[in-house]
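To keep things clear, I will list the structure first and then write my remarks on it.
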Amino acid sequence: AQSVTQLGSHVSVSEGALVLLRCNYSSSVPPYLFWYVQYPNQGLQLLLKYTSAATLVKGINGFEAEFKKSETSFHLTKPSAHMSDAAEYFCAVSGTSGYSTLTFGKGTMLLVSP
Amino acid sequence: DGGITQSPKYLFRKEGQNVTLSCEQNLNHDAMYWYRQDPGQGLRLIYYSQIVNDFQKGDIAEGYSVSREKKESFPLTVTSAQKNPTAFYLCASSKDRGSGANVLTFGAGSRLTVL
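The following block contains the structure:
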């Protein structure tokens, strides 16, 4: 079974600073990996996904993530934070063979200060 | 615009009562899912359905029931057997039922509070 661990339940940055949200996965084979974002009292929306093509994945709103097999990581980054990036971010994993459902991490709340 | 509609957005219930949360999608997606979200716990899968008239238990199915009589609809009933039902419930759908690469489309959620 696959799982993900998100390091840090809360991350605080200043507007304009680098955003780095950490996600490590556990899987016997390289899985599919996703980042979703949730704004307050809303559903989740997809930021980006890795499905075994390019290891550097670009998503919406200037976010990107790099799949590193040697480190079993899929960290999310953005060069310059905006106030509008304040939200909760979820890393998720699924298997690549047969039918597989998504398993989510516990989430990281990103706080952006002026 | 296509999407997922969840209702009601807020719901209050007394202990011992069953309650049904509605989920409707007009995306023509095959698969539908119910997740429960608690603060600091992430999302946990309750039930999912890959096709009409078929559904499978997720990680925390106890105290919940579902039906899938139509492709567009996947209602969730929270029964009195669910010991701690106060939570935010999210419905989602995906286009295909055959791949873990599926992207999920989420509804806006229903917040259930048991008094």
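For the record, the sequence lines run as chains G and C.
Residues 1 to 114, numbered by the working numbering, are exactly what the first sequence covers, in order.
Residues 1001 to 1115, numbered by the working numbering, are exactly what the second sequence covers, in order.
Heads up, the beta-carbon is just placed ideally off N, CA and C, and yes, glycines get one too.
Predicted model only: the values in this text are computed from it and were never measured.
* Asked: Using a Cβ cut-off of 7 Å, which residues of the region 46-60 of chain G contact any Cβ in chain C, in chain order?
  -> For the region 46-60 of chain G, the set of residues with a beta-carbon nearer than 7 Å to any beta-carbon of chain C comprises 46, 49 and 51, in chain order.
* **Cβ-based burial, residue 1006 of chain C [other Cβ within 10 Å; buried from 16]** => In the second sequence, the residue the question calls residue 1006 of chain C occupies position 6. When all chains shown are included, residue 1006 of chain C counts as buried.
* To do: Check distances from the C-beta atoms of the region 86-101 of chain G to those of chain C and list, in chain order, the residues that come in under 7 Å.
  => 90, 94, 95, 96, 99, 100 and 101
* To do: Note down, in chain order, every chain C residue with its Cβ under 8 Å from the Cβ of residue 32 of chain G.
  => Taking the first residue of the first sequence as position 1, residue 32 of chain G is located at position 32. Under the 8 Å cutoff, chain C gives 1100 and 1101.
* Asked: Which runs of the beta strand (DSSP E), 3 residues or longer, sit entirely within the region 27-54 of chain G?
  -> 32-38 and 44-50
* Asked: Would DSSP call residue 1107 of chain C helix, strand or coil?
  -> Here residue 1107 of chain C refers to the residue found at position 107 when the second sequence is read from its first residue. Residue 1107 of chain C: coil per DSSP, three-state reduction.
* **Cβ contact (3+ pairs, closer than 8 Å) linking the region 1012-1027 of chain C and the region 1037-1055 of chain C** => no
* Would you list the one or two residues that DSSP bridges to residue 1054 of chain C? => The count along the second sequence starts at 1 and reaches residue 1054 of chain C at position 54. Per DSSP, C:1051.
* Asked: Quick one: is residue 12 of chain G buried, meaning 16 or more other Cβ sit within 10 Å of its Cβ, or exposed?
  -> Reading the first sequence from its first residue, position 12 is the one you call residue 12 of chain G. Exposed.
* Asked: Taking any Cβ of chain C, which residues in the region 14-42 of chain G have a Cβ under 9 Å from it, in chain order?
  -> 31, 32, 34, 36, 38, 41 and 42
* To do: Below 6 Å CB to CB, which residues in the same chain sit around residue 80 of chain G once its five sequence neighbours on both sides are set aside?
  => Taking the first residue of the first sequence as 1, we reach residue 80 of chain G at position 80. So the qualifying residues of the chain are 16.
* To do: Determine the contact status of residue 91 of chain G and residue 4 of chain G, defining contact as a CB-CB distance below 7 Å.
  => Working through the first sequence from its first residue, we reach residue 91 of chain G at position 91. Working through the first sequence from its first residue, we reach residue 4 of chain G at position 4. Contact: yes.
* residue 1042 of chain C (DSSP reduced to helix, strand or coil) -> What you label residue 1042 of chain C is simply residue 42 of the second sequence in a count that begins at 1. Strand.
* Where residue 1074 of chain C and residue 86 of chain G are concerned, what is the direct C-alpha to C-alpha distance, given to the nearest angstrom? -> The sequence position of residue 1074 of chain C within the second sequence is 74, counting from 1. The sequence position of residue 86 of chain G within the first sequence is 86, counting from 1. Whole-angstrom Cα-Cα distance: 31 Å.
* Asked: Would you say residue 1061 of chain C reaches chain G, if we count a Cβ-Cβ gap shorter than 7 Å as a contact?
  -> Here the question's residue 1061 of chain C lines up with position 61 in the second sequence. By this cut-off, residue 1061 of chain C is not an interface position.
* Name the residue from G:88, G:56, G:60 and G:106 whose alpha carbon lies nearest to the alpha carbon of residue 74 of chain G. => As a position in the first sequence, residue 74 of chain G is number 74, starting the count at 1. Comparing Cα-Cα distances from residue 74 of chain G to each of G:88, G:56, G:60 and G:106, the minimum goes to G:56.
* Asked: DSSP on residue 61 of chain G, reduced to helix/strand/coil?
  -> Position 61 of the first sequence, counting from 1, holds the residue named residue 61 of chain G. Helix, per DSSP.
* Can you tell me whether DSSP reads residue 147 of chain G as helix, strand or coil? -> The requested residue 147 of chain G is not part of the displayed model; chain G covers only 1 to 114.
* To do: Using a Cβ-Cβ cut-off of less than 9 Å, list which residues of the region 1005-1026 of chain C approach chain G; keep chain order.
  => 1006 and 1009
* To do: Please decide whether residue 107 of chain G counts as near chain C, where near means a Cβ-Cβ distance under 7 Å.
  => Position 107 of the first sequence, counting from 1, holds the residue named residue 107 of chain G. For residue 107 of chain G, the answer is yes, since a Cβ of chain C falls inside 7 Å of its Cβ.
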